[in-house]
Amino acid sequence: MNVAQRVAVVTGGGAGIGSALVARLAREGARVVVADLDTDSARAVSEGVNADHPGSTVSAGADVSDTEQIQQLIDLAESAFGPVDLYFANAGIAGALGLDAGEQDWDRSIDVNLRAHIRAARLLVPRWLERGEGYFVSTASAAGLLTQIGSATYAVTKHAAVAFAEWLSVTYGDRGVRVSCLCPMGVNTRLLSSGEDSGDALGRAATRAVTSAGDVLEPAEVADAVLAALEDECFLVLPHEDVREMHRQKGSDYDR
Ligand code: NAD
1 MNVAQRVAVV TGGGAGIGSA LVARLAREGA RVVVADLDTD SARAVSEGVN
51 ADHPGSTVSA GADVSDTEQI QQLIDLAESA FGPVDLYFAN AGIAGALGLD
101 AGEQDWDRSI DVNLRAHIRA ARLLVPRWLE RGEGYFVSTA SAAGLLTQIG
151 SATYAVTKHA AVAFAEWLSV TYGDRGVRVS CLCPMGVNTR LLSSGEDSGD
201 ALGRAATRAV TSAGDVLEPA EVADAVLAAL EDECFLVLPH EDVREMHRQK
251 GSDYDR
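Count the sequence shown with the numbering used here and you get residues 1 to 256, in order.
This is the structure in structure tokens:
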């Protein structure tokens, strides 16, 4: 898909990978709703991008754990720019770490890292089936493909996010609904440093497992990989060469 003139919603757009996606999409001529739990960050990203690409974005505070708030993002996109062509389910949290994670920790991680994707798909896919096209981009993680030391809630919800994206793709792909699933390893964002900063041994081990496994990419490099995948309509987006290599060694189908 060529994103020029297309309408996109990016959740978690106020920081890290999401803000890089917003900047890259606007550069390519897309119109973007920048959504984040942190309303001020979303506004700051939107204003910064609009300075270079006037009128290309609007911002909104939104918690993706609430269906109503996702619906409001879709409505905002529609009133500002037109029907949503691309939805980036990118907001994510590292979550609690080990077996001491409580019920509420699990609920929050499942809500933000998995059910938010399901909520958005339930709202958008029926419209896209009517229109015959739409693009769902799920930010999962390499931790959703290869389990590594670190957060239990993260590993489990990211595996489930990969499974949901794949299910969407095999179920609706032949009716115009495109799906890509982004699975990076380490990316230089607040989420990555939060493990090291947590003071928790498992958190530090998680960050070190990722950073010692290979390169830590900048968010803009990840956004470039996503945009290339959108053009090729490629399902799995693995910006890290070492993760691709692991899959080659496993003989995995994911090497595409
Ligand atoms: P980040 O912390 O820089 O950005 C995440 C953004 O999501 C923040 O602005 C935060 O406010 C927002 N957010 C959190 N909960 C939200 C909610 N309930 N509703 C709306 N917004 C919410 O982190 P990032 O690294 O840019 O993370 C983006 C995505 O990339 C996440 O899904 C993360 O799991 C994934 N990821 C990150 C890495 C990495 O190494 N940084 C690796 C693999 C996957």
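We put the CB at the ideal spot given by N, CA and C, even for glycine. None of these values were measured; they are calculated from a predicted model.
Please report the distance separating the alpha-carbon of residue i from that of residue j.
i       : j       : result
Ala-94  : Gly-14  : 16 Å
Gln-69  : Ser-79  : 15 Å
Glu-28  : Glu-218 : 19 Å
Glu-261 : Pro-184 : Nothing about residue 261 can be reported from this structure: the residues present for the chain run from 1 to 256 only.
Ser-212 : Glu-103 : 31 Å
Tyr-254 : Val-33  : Residue confidence for Tyr-254 is low, a pLDDT of 49 falling below 50, so the modelled location carries little weight and cannot support an answer.
Ser-193 : Gly-134 : 34 Å
Gly-132 : Asp-85  : 11 Å
Arg-139 : Cys-181 : One detail in the question is off: residue 139 reads as Thr in this sequence, not Arg. Whole-angstrom Cα-Cα distance: 6 Å.
Glu-130 : Ala-120 : 16 Å
Buried or exposed: where does residue i fall if 16 or more other Cβ atoms within 10 Å of its Cβ makes it buried?
i       : result
Arg-175 : exposed
Ala-60  : buried
Arg-31  : buried
Trp-128 : buried
Ala-223 : buried
Leu-114 : buried
Could you check if residue i belongs to the surroundings of the ligand NAD, using beta carbon to heavy atom distance under 7 Å?
i       : result
Pro-54  : no
Arg-190 : yes
Val-125 : no
Gly-195 : no
Thr-57  : no
Pro-239 : no
Asp-38  : yes
Ala-23  : no
Thr-139 : yes
Ile-118 : no
Please confirm if residue i has its CB atom under 8 Å from at least one CB of chain D.
i      : result
Leu-37 : Reference to chain D is not applicable here, since this structure consists of a single protein chain.
Could you tell me how far apart the beta carbons of residue i and residue j are, in whole angstroms, since I believe they sit closer than 8 Å?
i       : j       : result
Val-179 : Gly-173 : 7 Å
Ser-56  : Val-49  : 6 Å
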